[in-house]
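Quick note, the sequence shown lines up with residues 1 to 664 if you use UniProt numbering.
Every residue, glycine too, gets a C-beta built ideally from N, C-alpha and C.
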Amino acid sequence: MTDRIGSVFIEGVRPELDAGRYAVKRVAGDRLTVKADVFKEGHDVLVAVVRWRQVTPKDQQTDWQEVPMRFLGNDLWEADFPLARNGRYEYTIEAWPDLFRTWASELKRKVDAGRDVTSELLEGAALLDAAATRARATSEDDARVLSEAAVRLRGPAEPELLAVALAPELAVIASTYPDRTLAKRYDKVLQVFADREKGRFGAWYEFFPRSAKRDGKTHATFRDAESWLPYIQKLGFDVIYLPPIHPIGRTARKGKNNSLKAGPDDVGSPWAIGAAEGGHKAVHPQLGTLEDFRHFVEAAQSHGIEVALDIAFQCSPDHPYVKEHPEWFQRRPDGTIKTAENPPKRYEDIVNFDWMGPGRETLWAELESVVVHWVKQGVRTFRVDNPHTKPIQFWEWLIRRVQDVYPDVIFLSEAFTRPKVMKALAKVGFTQSYTYFTWRNFKGEIQEYLEEITKPPVSDYFRGNFWPNTPDILPELLQNAGPGAFRLRAALAATLSSVWGMYCGFELCEGRPLPGKEEYIDSEKYQLVAWDLDRPGNIKDWIARLNGARSTQPALRSYDSLEFFESNNERVLFYGKRSPDGASTVLMAVSLDPYAPQEALLHVPMEWLGAKPDETYQVHELMSDQRSLWQGPDVQVRLTPEQPAAVWAVYRFRRTEQAFDYYE
1 MTDRIGSVFI
11 EGVRPELDAG
21 RYAVKRVAGD
31 RLTVKADVFK
41 EGHDVLVAVV
51 RWRQVTPKDQ
61 QTDWQEVPMR
71 FLGNDLWEAD
81 FPLARNGRYE
91 YTIEAWPDLF
101 RTWASELKRK
111 VDAGRDVTSE
121 LLEGAALLDA
131 AATRARATSE
141 DDARVLSEAA
151 VRLRGPAEPE
161 LLAVALAPEL
171 AVIASTYPDR
181 TLAKRYDKVL
191 QVFADREKGR
201 FGAWYEFFPR
211 SAKRDGKTHA
221 TFRDAESWLP
231 YIQKLGFDVI
241 YLPPIHPIGR
251 TARKGKNNSL
261 KAGPDDVGSP
271 WAIGAAEGGH
281 KAVHPQLGTL
291 EDFRHFVEAA
301 QSHGIEVALD
311 IAFQCSPDHP
321 YVKEHPEWFQ
331 RRPDGTIKTA
341 ENPPKRYEDI
351 VNFDWMGPGR
361 ETLWAELESV
371 VVHWVKQGVR
381 TFRVDNPHTK
391 PIQFWEWLIR
401 RVQDVYPDVI
411 FLSEAFTRPK
421 VMKALAKVGF
431 TQSYTYFTWR
441 NFKGEIQEYL
451 EEITKPPVSD
461 YFRGNFWPNT
471 PDILPELLQN
481 AGPGAFRLRA
491 ALAATLSSVW
501 GMYCGFELCE
511 GRPLPGKEEY
521 IDSEKYQLVA
531 WDLDRPGNIK
541 DWIARLNGAR
551 STQPALRSYD
561 SLEFFESNNE
571 RVLFYGKRSP
581 DGASTVLMAV
591 SLDPYAPQEA
601 LLHVPMEWLG
611 AKPDETYQVH
621 ELMSDQRSLW
631 QGPDVQVRLT
641 PEQPAAVWAV
651 YRFRRTEQAF
661 DYYE
């Protein structure tokens, strides 16, 4: 045993989120690339490894594995390891001086300078003896080679002695059995969470099942809602998101258009959860039974669609929790429960929990059981309502608890809030987040925002799910610009991000607002809606082609490969994506003008394509199914409100023995 200690420094480790407090995000099947600055005083040859393991459900860790890091120059090292399965992983870095290689390097320099190295050879023999001792635990053959080399270095001088000492194969064996008592380990164990693929790629369709009858009068059931599944599948969506499906309270029930007075037939807001029929674990009786819901989930799966369920942790005053657990609610001095408010808005039909009050322990446990209840009904994706109005500490606790047992569960944060709060929710575990894309309309602001969220460090933890509309939000552009606005906003959402969604009616260009507000008139939040799915002027085919392009081009499944390129028109956005393996390359141009045609000269990044400046290449425009040959970097395009976007799959040519062929 030696009383020497190591002096290696490890710093600048990336990815590392907030000094290791939170896990970075990736997707199962990825490889996590880890970089670090590793150095030591002097000129020692160093070895560095990434140590990693998967933390399986219920904290049953697998054994640590190690992968050697590559030296990139200027003290920078890099390695990657596989995230083969969905779940949580831990990783850190360890480094040490390679004593034998350091000795061999110094020996060669001394020999080249003509110095006597008799003493140095004895030093090398001692290093080989120590390595042989360590080798005997695993390989007698390696131990013998090392011991025999040590004997020769201590023997009489001979012409071959230096060749023995500096033999590369001897250094390889000696370095296999290092003295790791001199190793230094990074002082943090970092984490990465590998979501399943749906965490990074998906197309969401929001749908109120109670309107499935489409007549605006008859409350539909889950069995009625199943009739929509072929339609949603044809549009190309693979996630159907349902607002709350629970019993709705009658106290302070809202009427049409958020009226404070509800009529006897008004259905109320689904977010006013809880009534005599039950609470968060119950199904609204007019929708059906729990068995009917499970049947709906299975029917959706048969169409290649996953069901996402709304989690809204709030209550109607009629919720059973209010009577059964008064300690879970905060009351005013007069004894009344505080209703939900965001002045000047007030939600008279909703009361909030006392999240950090004396009943928090049992409250949090009950709400965890709500999520687990729906997981057991087949739901693996949740859209969480207004998480920024609940303590961030609660979400960190809840998501970790759920994903430690069910790592395939996805959480979407509906947090249109301040940037730091939105990002904090992503850091503590939300898989995806709503974004400010909904209000980004101009070229400069779109590019600036996307470059922020799709590049590290933000992209290490934040995934934007782009929604051009929601039941709560009808942006001004969609209120008066006609189908051209709907087409271009869908094109941007579906191609800038790899995960996007839209609320039912977007494909019908529904844009009737409440006067002076970014809200729908006759909102489905408060009433049944009669949907004419064949309404004239719809853009259903456009939506289906967009989603079809996404499904056929691996580059569009990527979130962080986005790059913006030069367009000479401020109303035309030009950008591209590539798949991680380079097999799929897509270029996109989108007009930001819903009213008039726009022409632009696009400057194609030939170096980014891996092409020569004058190379000819084929492009397949996926929205019109047109193929063209382009040569060189400059391309003229014309976009119109009827065709405001072009999505080109790029194919470069290669020469074969018989003829020219092309490849992606």
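Check whether residue i and residue j have beta carbons under 8 Å apart
i: V379; j: V402; result: no
i: K281; j: D349; result: no
i: V49; j: Y91; result: no
i: F329; j: F313; result: no
i: E518; j: P475; result: yes
i: D318; j: A276; result: yes
i: P209; j: A225; result: yes
i: A171; j: A104; result: yes
i: R463; j: L478; result: no
i: K338; j: R332; result: yes
i: K25; j: D522; result: no
i: S497; j: N465; result: yes
i: H303; j: P407; result: no
i: V586; j: Q553; result: yes
i: V637; j: A646; result: yes
i: A130; j: D187; result: no
i: L562; j: K577; result: yes
i: P387; j: W374; result: no
Bounding residues of the alpha helix (DSSP H) (the contiguous stretch that carries residue i)
i: R85; result: First-last for R85: undefined, no H or E at that position.
i: D129; result: 118–135
i: K110; result: 99–112
i: L166; result: Careful: L166 lies outside any alpha helix (DSSP H) and carries neither H nor E.
i: V322; result: 320–324
i: Q233; result: 229–235
i: V145; result: 140–154
Residue i versus residue j: straight-line alpha-carbon distance, rounded
i: residue 723; j: V189; result: Here the chain has residues from 1 to 664 only, and residue 723 is not among them.
i: I305; j: W630; result: 38 Å
i: T118; j: A167; result: 18 Å
i: L243; j: R185; result: In the sequence on display, residue 243 carries Pro and not Leu. Those two C-alpha atoms are separated by around 48 Å.
i: I10; j: D37; result: 6 Å
i: L76; j: V635; result: 40 Å
i: D614; j: E607; result: 11 Å
i: P358; j: H325; result: 12 Å
i: R223; j: I245; result: 14 Å
i: R550; j: W397; result: 35 Å
i: F382; j: A530; result: 27 Å
i: residue 673; j: F565; result: With the chain covering 1 to 664 only, the question about residue 673 has no answer from this structure.
i: G216; j: Y520; result: 16 Å
i: R535; j: L508; result: 6 Å
i: N480; j: N257; result: 20 Å
i: E445; j: F437; result: 9 Å
i: R21; j: D385; result: 25 Å
i: G335; j: E327; result: 12 Å
i: T62; j: W52; result: 9 Å
i: D238; j: G202; result: 6 Å
i: M502; j: A611; result: 37 Å
i: Y662; j: G632; result: For Y662, the predicted model reports a pLDDT of 43, less than 50, meaning its position is unreliable and no value from the coordinates is stated.
i: L425; j: A308; result: 19 Å
i: L514; j: V13; result: 51 Å
i: H620; j: L72; result: 38 Å
beta-carbon residue i near the ligand FAD non-hydrogen atom, thresh 7 Å
i: A125; result: With respect to the ligand FAD, the structure offers nothing, as it holds no ligand at all.
Endpoints, the beta strand (DSSP E) within which residue i is located
i: G20; result: Here G20 belongs to no beta strand (DSSP E), and DSSP marks it neither H nor E.
i: W630; result: 626–631
i: residue 669; result: The shown model of the chain, from 1 to 664, leaves out residue 669, and the question about it has no answer.
i: T339; result: 339–342
i: Q636; result: 634–639
i: R14; result: 9–14
i: H620; result: 616–621
i: F193; result: 190–195
i: A157; result: Here A157 belongs to no beta strand (DSSP E), and DSSP marks it neither H nor E.
Inter-residue CB distance, residue i and residue j (contact presumed, cutoff 8 Å)
i: T431; j: G278; result: That pair is no contact at about 28 Å.
i: L128; j: F81; result: 31 Å between Cβ atoms; not a contact.
i: A221; j: D292; result: The question names Ala, yet the displayed sequence has Thr at residue 221. 7 Å between Cβ atoms; contact.
i: L182; j: P97; result: 6 Å
i: V440; j: Y449; result: For the record, residue 440 in the displayed sequence is Arg; it is not Val. Rounded, the Cβ-Cβ distance is 5 Å, consistent with contact.
For a minimum of 4 consecutive residues, which ranges assigned as the alpha helix (DSSP H) are wholly contained in the region 376–427?
392–405, 419–427
Quick one: complete beta strand (DSSP E) runs, 3+ long, within the region 33–72?
46–56, 65–68
Report the residue ranges of all alpha helix (DSSP H) runs contained in full by the region 433–488; include only those spanning at least 4 residues, in chain order.
443–453, 476–480
Pick out the complete alpha helix (DSSP H) segments inside the region 214–276, 4 residues or longer, and give them in chain order.
222–225, 229–235
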